[in-house]
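Chains as they are written, first to last, in the numbering used here: chain F, 278 to 660; chain X, 6 to 163; chain V, 53 to 472; chain L, 80 to 321. Just so it is clear, CB atoms sit at the ideal spot from N, CA and C, and this is done for glycine as well. Since we're looking at a predicted model, the values are computed, not measured.
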């Protein structure tokens, strides 16, 4: 996509090289962009990462498979539950562990609640990057707190849940949890409507987001973009539908697709995805089986004595539709209780590949908005 | 749908005569030299239409003196996959052609493999360290990398 | 103490009359200057407190309530913090300009209050060219901001300064033109004259007055760099815009300049379009009763204090029951309503991008201001029914044309496929 | 027509903010009720020091060691499983040994002389509780632990970690009752065969009083002699049916 930079002969001006980050109020963590500006227009933009790198993969090679779970909470700290789920799916594919029926439904409920939390927070931060003085962000966080209290009631911690295990979930849901979940799921659409009246047709937001940071479809597919960003460009690829893992095939829901693929489409796709998640939650809460245990016997035994779990030699790649995109775990096992190789396929990291392509020719103010619409979390980018 | 591994192997060998494809479970192990040929064939023939390279990573086997590159390929248009490609590279002189010209998603992941494993990729548009700071020596994800004492780690040069 | 309305005027007159005659003019001048110089920082401090409380309430929060009752001592705490904070000057900065910029920013803003009619014959200096004085002083802040941005020698400040100059200049033009309509109708530049001209009907309720007032208020917001026009100090991309490199007392001066000018814009909009201190003759006891009710039901106020407050207000209500609500209360009430609108905008909207900002000023506000002058002319010359109707028609037509012409093609509504 | 006007949606957006503004005041809520505008939220801020947030029962912060009856009666047998399984390796256990280096047995159970958890490293992931075969370690929910220095204060030694089973029942009733049921069941299993043995073997002489070695204060007040048939712990009331 060659940027149409004004090449008519002009007054000879110098380009300005600005470091946006790593200490910068709106880079979602410690992320730096070396931007070369011609006045306000961006000519070159090189992302610089690695400030948050703590090599989670090397640490995991010294831990048991169960020991890795608390570390996955710290990957994308907005969606601890889906990070655990991705690792659990990978281990189950590696060792062929069966998941109990009730465990599957609890996992889907937790994953969709995490999607609500993530998309609400991201929309709030996107508005904060555009300059709204925190009001949409605080409305988003007010709703997020209610769901985090649900996570705390079930797993024991609001953000670092460490709740999903291969074979199901670590502990069964406490009494009264399902009723509280129903309350929140029923109250959420009202909040979304209020959120949309504040944002979706607001003229200032329309001007700031439409035709900004457009991502054409072929570039999106070739660059391995996944998640709401890909669907905003119109590609119908949702891993919940493609792989059909867990109980998603038994649940009816739609996949919203955008047309232009700019910041406005990504924003609205996230809002529509939240409405779809609410439909999934209603169906999952309705069909939650009460008979089967929340974790399969093999999974429970593994939880009790992690050292005894020795998966067969070989490798496996498990992936799920995390709120930010395709989160995958590639595990190589050499028969010992510790993974030989533990690779994380981070959606935020790979979605950043096209940051420069989208920002060329845009204004400085748009670079921040585009970065906000990509929805990255630096702990997952740097691992 | 993607054919079973054996049928895939035979089909590939018919399409690309000089290529030797061996089977490892459901994955296809190919030699380093025909990586580009196989990937272009997988990407362009509409029978496979592997237009989405989901994951590029490396696994270090110090005892066998080799680093194994792992590619997970999917097709977004025909919604099938994964097809796992395994490529072995000598551990002392790890050299390989880059697949970034075919799939842009490999750009950052190959830079990460170069940074953490030391595998050089020819034809990569911008092969630099991505996670470590530029002045860092050594490749931390290699199994023989000694994690030096944290207290007197060298001051990062930035 | 005959009338509450002229309370301050009589107090100063009685004090001044005790002095020897040759000293009297100096003393009254000193009294006025003293009043304004003391009121300005207090207004500024409690404007920051008010803004933090209002925005907090718009976000389901409480706002400062730890420092003193309802957080009333918070501004004083902020002031002390600003005094104590180290004043860092970047190494490459031009020290003199770096020091001068905040001073040049604050001085003209305090001078603005000289011509402002706070109440019936309560005005610092009743200049015949009061409005011109206001417009002239209003544009000095762009120099100060550019000085600050340039002197800090940092890329962010530089970008912020460049944006400010562009923004303030392009928003002064529609601001001044919208005021021309008022001058044309009232025939005088003196603010006191304008307020008196609005005795029976406020300009805001005339067709051209409403549009001119909206344009003046919007260009005022842009001149003060507040949301949705706060590009120069856009936190999200320029970290702090022109005052990134300021800290300590200099930053406090920047803060004071910004808030005082915001208050001045609201005050002048009230004076020009909302009838300044003019107000319907509501008896004073209604206001006193309302305040007593408010103080009585304040839960977190200690019981004795609450009782005392109610008693004082009832006594005051009784004393001045018959008199109308004093003019200066009307003035401050209207101004603080506009301050609430200012804060309300800041709590709701993201900011416009710099090129959209410019487009809005030149391509929308400027033509509308010109049309408003035409409408004002028609309204004032033609007899009642025709003038108003014609003005409304012209304004509506021009609004529609401009909106259609300005509408960027991209704002087409989108359809979203829900695939499975 | 009004919907397409430029400013219409801008004003509706401001309406949302105004409604939230009014919701936080009692008079505001009254006005909203009169105008029949649905309003749900009101103030969500909790003024922390005065009002504490209500945590759910499973809220976990840092682990603690459980003891029944007296602090010397702790359940931990220093088997070091949790030390191995702890991902950040923040638990350090030293088994109590007598002069010759043989582990000291009290009541037929070994016990830790030293049990440190470095709370600045612990990430409260609850894996130690999952893997502990003796239910000796549980998760606490006291989170007000701010300290001035990181090393001395945040390194919890055995004394600071020990908390009674009653405390555990008080903060986590359902979990505590499950643990007690499990222990009681295990107790019945071990107590049953013991009942058969004393009938046959003559009551052996009480073992020598445990030597005074070991840094911890010598456990006094311990009733030597073979395990009486009933539960050796302080007799608890039968755990209420969960």
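Distance from the CA atom of residue 96 of chain X to the CA atom of residue 135 of chain X, rounded to whole angstroms, is 21 Å. Apart from sequence neighbours up to five positions away, the residues of its chain that approach residue 593 of chain F with a beta-carbon distance below 7 Å are 367, 370, 371 and 608, ordered along the chain. Within 10 angstroms of the beta-carbon of residue 19 of chain X lie fewer than 16 other beta-carbons, which makes it exposed. At least 8 Å separates the beta-carbon of residue 606 of chain F from that of residue 657 of chain F. With 16 or more other Cβ atoms inside 10 Å of its own Cβ, residue 416 of chain F counts as buried. Between the C-alpha atoms of residue 113 of chain V and residue 589 of chain F there is a straight-line separation of about 54 Å. At least one C-beta of chain V is nearer than 8 Å to the C-beta of residue 419 of chain F. Neighbours of residue 93 of chain L in chain V, taken as residues whose beta carbon is under 7 Å from its own, are 396 and 400 in chain order. Of the other Cβ atoms in all chains shown, 16 or more fall within 10 Å of the Cβ of residue 630 of chain F; this residue is therefore buried.
Closest option to residue 294 of chain F, judged by alpha-carbon separation, among F:641, F:515, F:645 and F:649: F:641. For residue 213 of chain L, the nearest beta carbon of chain V is not closer than 8 Å to its own beta carbon. The continuous stretches of alpha helix (DSSP H) do not include residue 146 of chain L, which lies in the beta strand (DSSP E) extending over residues 142–146. Assignment of residue 407 of chain F by DSSP, reduced to helix, strand and coil, places it in the helix class. Assignment of alpha helix (DSSP H) within the region 483–508 of chain F, counting only whole runs of 4 or more residues, yields 494–499 in chain order. Counting other Cβ atoms within 10 Å of its Cβ, residue 107 of chain V reaches 16 or more and is therefore classed as buried. In terms of beta-carbon proximity, residue 123 of chain L lines the interface with chain V, with at least one pair separated by less than 8 Å.
The alpha-carbon separation between residue 121 of chain L and residue 108 of chain L amounts to approximately 8 Å.
The Cβ-Cβ distance between residue 557 of chain F and residue 586 of chain F does not fall below 8 Å. Residue nearest to residue 442 of chain F within the set L:99, L:265 and L:206 is L:206 (criterion: CA-CA distance). In the structure shown, residue 432 of chain V adopts helical secondary structure according to DSSP, grouped into three states. Closer than 8 Å at the C-beta level to chain V, one finds these residues of the region 533–545 of chain F: 533, 534, 535, 536, 537, 541, 542 and 545. Membership of residue 630 of chain F in any beta strand (DSSP E) is not indicated, and neither H nor E is assigned to it by DSSP. A contact is defined here as three or more CB-CB pairs under 8 Å, and the region 188–206 of chain L meets this definition with respect to the region 131–148 of chain L.
For residue 335 of chain V, there is no enclosing alpha helix (DSSP H), as DSSP marks it with neither H nor E.
By the Cβ test, the region 423–432 of chain V is in contact with the region 249–269 of chain V, since at least three Cβ pairs between them sit closer than 8 Å. For residue 113 of chain V, the C-beta contacts it makes with chain L under 9 Å involve 103, 122, 123 and 124, in order along the chain. In the DSSP assignment, residue 313 of chain F forms a beta bridge with F:294 and F:321.
Bounds of any alpha helix (DSSP H) do not take in residue 148 of chain X, whose DSSP letter is neither H nor E. Chain F places a beta carbon closer than 8 Å to that of residue 62 of chain X, counting this residue as a contact. Judged by their CB atoms, residue 340 of chain F and residue 468 of chain V are not nearer to each other than the 8 Å cut-off.
Not one beta carbon of chain V lies nearer than 8 Å to the beta carbon of residue 389 of chain F. In the three-state scheme derived from DSSP, where H, G and I count as helix and E and B as strand, residue 435 of chain F is classed as coil. Contact between residue 189 of chain V and residue 160 of chain V holds: their C-beta atoms lie close to 4 Å from each other, under 8 Å. Assignment of residue 85 of chain X by DSSP, reduced to helix, strand and coil, places it in the strand class. Contact between the region 481–497 of chain F and the region 640–655 of chain F is present, with at least three C-beta pairs closer than 8 Å.
Taking CB atoms only, residue 317 of chain F has a neighbour in chain V less than 8 Å away.
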